[in-house]
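Undergrad:
Numbering (UniProt numbering), first residue to last: 1 to 141.
1) Are the beta-carbon atoms belonging to residue 95 and residue 39 less than 8 angstroms from one another?
2) When you compare the segment 19-37 with the segment 72-79, are there three or more beta-carbon pairs, one atom per stretch, that lie closer than 8 angstroms?
3) Is it buried or exposed, residue 105, if we count other Cβ atoms within 10 angstroms and call 16 or more buried?
4) If you count every other CB in all the chains shown that lies within 10 Å of the CB of residue 80, and 16 or more means buried, which is it?
5) By how many angstroms is the C-alpha of residue 98 removed from the C-alpha of residue 30?
6) Does DSSP put residue 78 in a helix, in a strand, or in coil?
7) So the candidates are 114, 9, 37, 11; which of them puts its Cα closest to the Cα of residue 87?
8) Please name the residue, chosen from 51, 82, 109, that lies closest to residue 69 on a Cα-to-Cα basis.
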């Protein structure tokens with residue numbers, strides 16, 4: 001019986017480590033995306049500034065046309081910003097799903113151990129490293 005529990009614990013620990021690696025990978029990807037977002041925003045701002053300066057130079061500083069162009073640019077930027085924000089929210093929700101699932105699995109694992117009358121201190125393990133095999137979706141190895 002102890003051997004089965006030990007084997008089960010080893011299998012659960014490997015699943016937990018794999019989940020942690022997956023979460024770390026997603027966090028690294030999120031960091032890379034944030035860096036790219038900043039670079040794209042800086043490039044877009046530089047393009048807009050260049051376009052604005054060229055328009056003023058070509059039109060000879062016609063203030064009425066500049067105001068119309070500025071209003072159109074502001075409207076366009078607002079729409080692009082809204083679209084970007086919606087996409088970012090969807091991306092962050094996708095990134096948070098594995099973390100929420102992992103937390104839920106840990107809660108279920110601890111409750112399962114308590115029902116069995118097993119204490120995590122008796123097993124001399126970190127309670128955050130446990131995931132119940134009965135509640136965890138089977139992973140292929």
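In this text, a Cβ means the ideal position worked out from N, Cα and C, and glycines have one as well.
TA: Concretely, from the data shown:
1) Residue mapping note: residue 95 aligns to position 95 of the chain shown, counting from 1. Residue mapping note: residue 39 aligns to position 39 of the chain shown, counting from 1. Using a Cβ distance threshold of 8 angstroms, residue 95 and residue 39 do not count as a contacting pair.
2) no
3) Mapped onto the chain shown, residue 105 falls at position 105. Taking all protein chains in view, the Cβ of residue 105 is crowded by 16 or more other Cβ atoms within 10 Å, so the residue is classified as buried.
4) Sequence index remark: in the chain shown, residue 80 carries index 80 (1-based). Looking at its Cβ environment, which holds fewer than 16 other Cβ atoms inside 10 Å, residue 80 is exposed.
5) Position 30 of the chain shown, counted from the first residue, corresponds to residue 30. Position 98 of the chain shown, counted from the first residue, corresponds to residue 98. Going from the Cα of residue 30 to the Cα of residue 98 covers about 13 angstroms.
6) Position 78 of the chain shown, counted from the first residue, corresponds to residue 78. Helix at residue 78.
7) Translated into the one-based positions of the chain shown, residue 87 becomes position 87. With distances taken between Cα atoms, residue 87 lies closest to 37.
8) Counting from one through the chain shown, the residue named residue 69 turns up at place 69. Nearest option by C-alpha distance: 51.
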